[in-house]
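Residue numbers (the numbering used here), protein chains in the order written: chain A, 498 to 816; chain B, 281 to 569.
Here is the structure:
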């Protein structure tokens, strides 16, 4: 029975193994598995960084020839003439698109600020127990509605509503897209603002209460000023959300190239232009590359917005 | 006896008024959801039938059902999950269990925030540049799903990281003291305690992925394709894009048809979200520590 003898010998702890426990050196199978897994999850962690770099590299790769060639920087930023399909003289002025995006985003954030701030104050300072949870869940569901459904709502519900209410010929306007985008940006603004209010230490509230302040006085005069930076971050993230929204703006803003005079004008957004035109361009053409250049612009602006919001939030945490 | 002074009474009135004001602000956000859902149900409800869900669109998409779009969305979501869940869980494990507190970890966190903040249409451009053209997947389910996977990666990472960090440190310390390696601790102690939270995150990702339109428009979703895809290199219809198409691109669509599509889409998305929320609430009540 030789094999079994070796088995028994094999399972007897050798002096080497005993020594290794004392010296803390433990390079058994589990040690190697552990190192292997550590390597694997590290790759997972790095992937997020790689993807961000990848996004920038790949959109630049498709758009850089245009930036160095057919693009005229002054025309791009200052001319409202976006005529990429003109046979004789295509022009790539993104000014009207930038104004379109800015006007819709601006109106959206202005609409969303009072409601998100009010909701955040109510949830953080007034609501209790089940009501608080219920409100938070409803706001979470609001955030879950897909943007194409919002666009559809702008198209079939808001459009006739605006035409009738304000007696205007067309309802697919800055106003329509602004309200829709405001509803889309409100949940994220509410959530971030509520986090900021909750981060204000309770002894601030207790000190004010001891002085006889009522709840709303505490909310208005103590908590809000103390949470100022966090509220700023909330607004920034709202701007980021509105700026990058695509389908809803495409469907609700009217999609006509126009520098608007008021909220009843149709506009066209940067994002919507890419979504509407990319399918019709030939890969590598000036038009195709110009759309990628718009993408680079969008990437850089949202990157800066997210970076500053993150810096603001981190600054609060340090305090 | 204490008597309320006029100042006290005034304060009390203002207090009550402010409470109502803030509550109405919150309700102003919630009322639209309810109105929108009711309109969709009232106008889209009549369009929905078993045939609507199981038949192909006919007559230039002005009649018939949404079967290929429904199946296409399912296919896109499944492939996207296969790609993003392992990477997302690995990233969350690294951040929660391994990462030191240094500039590189901050860089990863910043990348995750930005990945979530980049506009969906920019993700679409990335998908075209990287998956469709550079890796030569063509416009296919694979290219569209990978684009969706990159875009929704932060959802998995954030949810997983949160549920990992909710496992008390003392659980890990007890396990390390028994001589277990890091991975043995994660495998035997941390993951079993965090798995339900991770599932909640994955369900949330399904909801997010199913609703996206812009990232799949140019990477793999087709306007009209009344067959089921046979593999990941085929194009497919998708519910979200189908809603856009019937709402804006096709003439003479009967009005209840796009409402029906919207109702099915929002039904899937909100159902997934509700399951995820209910699961979360249930877990919070069950937690023993």
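All C-beta atoms, glycine included, are put in the ideal place defined by N, C-alpha and C.
Which residues, in chain order, does the segment 505-536 of chain B contribute to contact with chain A at a C-beta distance below 7 Å?
520, 523, 524, 527 and 528
Step through the CB atoms of chain B and report whether any lies within less than 8 Å of the CB of residue 783(A).
The sequence position of residue 783(A) within the first chain is 286, counting from 1. With 8 Å as the cut-off, residue 783(A) does not count as an interface residue toward chain B.
Within-8 Å CB hit, residue 392(B) to chain A:
On the second chain, position 112 is the one that residue 392(B) refers to. Closer than 8 Å to some Cβ of chain A, the Cβ of residue 392(B) qualifies, so yes.
8 Å is my cut-off, CB to CB: does residue 772(A) come that close to chain B?
Residue mapping note: residue 772(A) aligns to position 275 of the first chain, counting from 1. It does; some Cβ of chain B falls within 8 Å.
Give the residues of chain B in contact with residue 722(A), contact being defined as C-beta atoms less than 7 Å apart.
Translated into positions along the first chain, residue 722(A) becomes position 225. The premise fails here: residue 722(A) is roughly 17 Å from chain B at the closest Cβ pair, so nothing lies under 7 Å.
Taking 8 Å as the threshold, find out whether the segment 700-708 of chain A comes into contact with the segment 355-368 of chain B through three or more Cβ pairs.
no
Three-state secondary structure assigned by DSSP to residue 345(B):
Counting from 1 along the second chain, the entry for residue 345(B) is found at position 65. Looking at residue 345(B) - three-state DSSP - the assignment turns out to be coil, as it is neither helix nor strand.
So with Cβ pairs under 8 Å, would you call residue 768(A) a contact of chain B?
Locating residue 768(A) in the first chain gives position 271, counting from the first residue. Yes, residue 768(A) lies at the interface with chain B (some Cβ there is under 8 Å from its Cβ).
Look at residue 771(A) and residue 482(B) and say whether their C-beta atoms are less than 8 Å apart.
In the first chain, residue 771(A) corresponds to position 274, counting from 1. In the second chain, residue 482(B) corresponds to position 202, counting from 1. Against a cut-off of 8 Å, the Cβ pair of residue 482(B) and residue 771(A) comes out as no contact.
Under 8 Å between C-beta atoms of residue 671(A) and residue 604(A)
Sequence index remark: in the first chain, residue 671(A) carries index 174 (1-based). Sequence index remark: in the first chain, residue 604(A) carries index 107 (1-based). Taking 8 Å as the Cβ cut-off, residue 671(A) and residue 604(A) qualify as a contacting pair.
Alpha carbon to alpha carbon, how far is residue 560(B) from residue 472(B)? Give it in angstroms, no decimals.
Residue numbering aside, residue 472(B) sits at position 192 when the second chain is read from its first letter. Residue numbering aside, residue 560(B) sits at position 280 when the second chain is read from its first letter. Going from the Cα of residue 472(B) to the Cα of residue 560(B) covers about 16 Å.
Beta-carbon of residue 641(A) versus every beta-carbon of chain B: anything under 8 Å?
Translated into the one-based positions of the first chain, residue 641(A) becomes position 144. With 8 Å as the cut-off, residue 641(A) counts as an interface residue toward chain B.
Is the distance from the Cβ of residue 617(A) to the Cβ of residue 690(A) below 8 Å?
For the purposes of this step, residue 617(A) is taken as the residue at position 120 of the first chain. For the purposes of this step, residue 690(A) is taken as the residue at position 193 of the first chain. Yes.
Contact list for residue 409(B) against chain A, beta-carbon separation under 7 Å:
On the second chain, residue 409(B) is found 129 positions in, with the first residue counted as 1. Near residue 409(B) (Cβ distances below 7 Å), the residues of chain A are 555, 556, 558 and 559.
Touch check for the segment 737-753 of chain A and the segment 556-565 of chain A: three-plus C-beta pairs under 8 Å?
no
I'd like to know if residue 711(A) contacts chain B, where contact means its C-beta is closer than 8 Å to some C-beta of that chain.
Taking the first residue of the first chain as position 1, residue 711(A) is located at position 214. It does; some Cβ of chain B falls within 8 Å.
Contact set between residue 308(B) and chain A, taken where Cβ atoms lie within less than 7 Å
The sequence position of residue 308(B) within the second chain is 28, counting from 1. Near residue 308(B) (Cβ distances below 7 Å), the residues of chain A are 612.
From which residue to which residue does the alpha helix (DSSP H) around residue 717(A) run?
Counting from one through the first chain, the residue named residue 717(A) turns up at place 220. Premise fails: residue 717(A) is in no alpha helix (DSSP H) and is neither H nor E.
Do residue 477(B) and residue 446(B) count as a contact pair if the criterion is CB distance below 8 Å?
For the purposes of this step, residue 446(B) is identified with residue 166 of the second chain, where counting begins at 1. For the purposes of this step, residue 477(B) is identified with residue 197 of the second chain, where counting begins at 1. Closer than 8 Å, so yes.
Hey, how far is the Cα of residue 398(B) from the Cα of residue 796(A)?
On the second chain, residue 398(B) is found 118 positions in, with the first residue counted as 1. On the first chain, residue 796(A) is found 299 positions in, with the first residue counted as 1. Looking at the two C-alpha atoms, the distance is approximately 6 Å.
Compare the beta carbon distance of residue 693(A) and residue 612(A) with 8 Å and say whether it is the shorter of the two.
Start at 1 with the first residue of the first chain, and residue 693(A) comes out as number 196. Start at 1 with the first residue of the first chain, and residue 612(A) comes out as number 115. Their beta carbons are not under 8 Å apart, which means residue 693(A) does not touch residue 612(A) by this criterion.
Helix or strand or just coil, what does DSSP make of residue 524(A)?
Counting from 1 along the first chain, the entry for residue 524(A) is found at position 27. Reduced to three states, the DSSP call for residue 524(A) is coil.
Could you check the C-alpha separation between residue 496(B) and residue 722(A) for me, to the nearest Å?
Within the second chain, the letter at position 216 stands for residue 496(B). Within the first chain, the letter at position 225 stands for residue 722(A). In a straight line, the C-alpha of residue 496(B) is about 43 Å away from that of residue 722(A).
Does the beta carbon of residue 528(A) come closer than 8 Å to any beta carbon on chain B?
By 1-based counting over the first chain, the position of residue 528(A) is 31. Yes, residue 528(A) counts as interfacial toward chain B.
Using the three-state DSSP reduction, which class does residue 393(B) fall into: helix, strand or coil?
Stepping through the second chain from its first residue, residue 393(B) is reached at position 113. Looking at residue 393(B) - three-state DSSP - the assignment turns out to be helix.
Residue 725(A) burial status per 10 Å Cβ neighbour count (16 or more: buried)
Residue numbering aside, residue 725(A) sits at position 228 when the first chain is read from its first letter. Classification of residue 725(A): exposed, given that the 10 Å Cβ count is below 16.
If you measure between the beta carbons of residue 500(B) and residue 429(B), is that distance less than 8 Å?
Position 220 of the second chain, counting from 1, holds the residue named residue 500(B). Position 149 of the second chain, counting from 1, holds the residue named residue 429(B). No, these two residues do not count as a Cβ contact at 8 Å.
Looking at residue 750(A): is its Cβ nearer than 8 Å to the Cβ of residue 669(A)?
Start at 1 with the first residue of the first chain, and residue 750(A) comes out as number 253. Start at 1 with the first residue of the first chain, and residue 669(A) comes out as number 172. Cβ distance < 8 Å, so residue 750(A) and residue 669(A) count as in contact.
Which residue wins for smallest C-alpha separation from residue 533(A), given the options 403(B), 462(B), 527(B) and 536(B)?
Sequence index remark: in the first chain, residue 533(A) carries index 36 (1-based). Of 403(B), 462(B), 527(B) and 536(B), the residue nearest in Cα terms is 462(B).
Answer yes or no: does any C-beta atom of chain A fall closer than 8 Å to that of residue 471(B)?
Counting from one through the second chain, the residue named residue 471(B) turns up at place 191. Not an interface residue.
Note down, in chain order, each residue of its chain lying with its Cβ closer than 7 Å to the Cβ of residue 735(A), except the 5 sequence neighbours on either side.
Indexing the first chain from 1 puts residue 735(A) at position 238. The residues are 606, 609, 682, 685 and 686.
Could you tell me which residues DSSP pairs with residue 501(B) in its beta bridges?
Position 221 of the second chain, counted from the start, is the residue given in the question as residue 501(B). DSSP lists 516(B) as partners of residue 501(B).
First through last residue of the alpha helix (DSSP H) which encompasses residue 550(B)
Position 270 of the second chain, counted from the first residue, corresponds to residue 550(B). Run containing residue 550(B): 536-566, per the alpha helix (DSSP H) assignment.
With a CB to CB cut of under 8 Å and the five nearest residues on each side skipped, what residues in its chain are close to residue 514(B)?
Stepping through the second chain from its first residue, residue 514(B) is reached at position 234. 420 and 421, listed in sequence order.
Considering residue 664(A), what are the terminal residues of the alpha helix (DSSP H) in which it resides?
Counted from its first residue, the first chain places residue 664(A) at position 167. Where residue 664(A) is concerned, there is no enclosing alpha helix (DSSP H), given that its DSSP letter is neither H nor E.
Please list the residues of the segment 643-675 of chain A that have a C-beta atom closer than 8 Å to any C-beta atom in chain B, keeping them in chain order.
643, 644, 645, 646, 648, 649, 650, 652, 653 and 654
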